[in-house]
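Q: Residue numbers (the numbering used here): -19 to 131. Built from N, CA and C at the ideal position, the CB exists for glycine as well.
#1: Helix or strand or just coil, what does DSSP make of residue -17?
#2: Going straight from the alpha carbon of residue 36 to that of residue -16, what length do you get?
#3: Quick check: residue 29 and residue 117, are their CB atoms within less than 8 angstroms of each other?
#4: When DSSP builds the beta bridges, which residues end up paired with residue 104?
#5: Does DSSP put residue 109 in a helix, in a strand, or in coil?
#6: Relative to the C-alpha of residue 101, which residue among -3, 65, 82 is closest?
#7: Please state whether DSSP places residue 97 in a helix, a strand or coil.
#8: Based on the DSSP output, what are the partners of residue 130 in its beta bridges?
#9: Should residue -10 be labelled buried (16 or more other beta-carbon atoms within 10 Å of its own) or exposed?
#10: CB residue 106 to CB residue 85, shorter than 8 angstroms?
#11: Compute the beta-carbon to beta-carbon distance between residue -2 and residue 58, rounded to the nearest angstrom, for a pair I have assumed lies under 8 angstroms.
#12: Between the alpha carbons of residue 9 and residue -14, how many angstroms are there, rounded?
#13: Measuring CA to CA, which of 115, 88, 26 is closest to residue 75?
#14: Check whether the Cβ atoms of residue 3 and residue 77 lie closer than 8 angstroms to each other.
#15: The beta strand (DSSP E) that contains residue 31, what's its start and end?
Below, the structure written as structure tokens:
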């Protein structure tokens, strides 16, 4: 059953919010040009905006039995926002990507974690996931800005 208010809230949190934050941070990201000391690899990107997306937002990977209209649609909108903003941000030396963190052991994912997934090691601790996501950012090349990736 669809609920308009729920749909709007999901879009506000998952798509509109991240883009508004990026918009407000853009001047600061530009000011950091050449002074980025937080990435682990020396000589890395000037600045990178990383948004957490979800594989369920993929049009081609939408084969599961769950509809999840609001979550899928709002994360797909985020992915499009990342792609669109990458063109503008790249001009100032800022890259942006959407990352899929996989099944990470969080409160949100608890209801979807099956015993089989846990036994096969398919549910990852937060610290492990964060490390893998940072690896993706560290290895990123300029032409990947605007894309969606997993580790």
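A: With the structure as the only source:
#1: Residue -17: coil per DSSP, three-state reduction.
#2: Here the alpha carbons of residue -16 and residue 36 stand approximately 20 angstroms from one another.
#3: Cβ atoms of residue 29 and residue 117: not closer than 8 angstroms.
#4: Bridge partners of residue 104: 84.
#5: Residue 109 falls in the helix class under three-state DSSP.
#6: Of -3, 65, 82, the smallest CA-CA separation from residue 101 is found for 82.
#7: In the three-state scheme derived from DSSP, where H, G and I count as helix and E and B as strand, residue 97 is classed as helix.
#8: In DSSP, residue 130 forms a bridge with 80.
#9: In the assembly as shown, residue -10 is a buried residue. Its beta-carbon has 16 or more other beta-carbons within 10 Å.
#10: The answer is yes: Cβ separation under 8 angstroms.
#11: That pair is a contact at about 6 angstroms.
#12: Per the coordinates, the alpha-carbon of residue 9 lies some 32 angstroms from the alpha-carbon of residue -14.
#13: Residue nearest to residue 75 within the set 115, 88, 26 is 26 (criterion: CA-CA distance).
#14: For the 8 angstroms CB-CB criterion, residue 3 and residue 77 do not form a contact.
#15: That run of the beta strand (DSSP E) goes 27 to 32.
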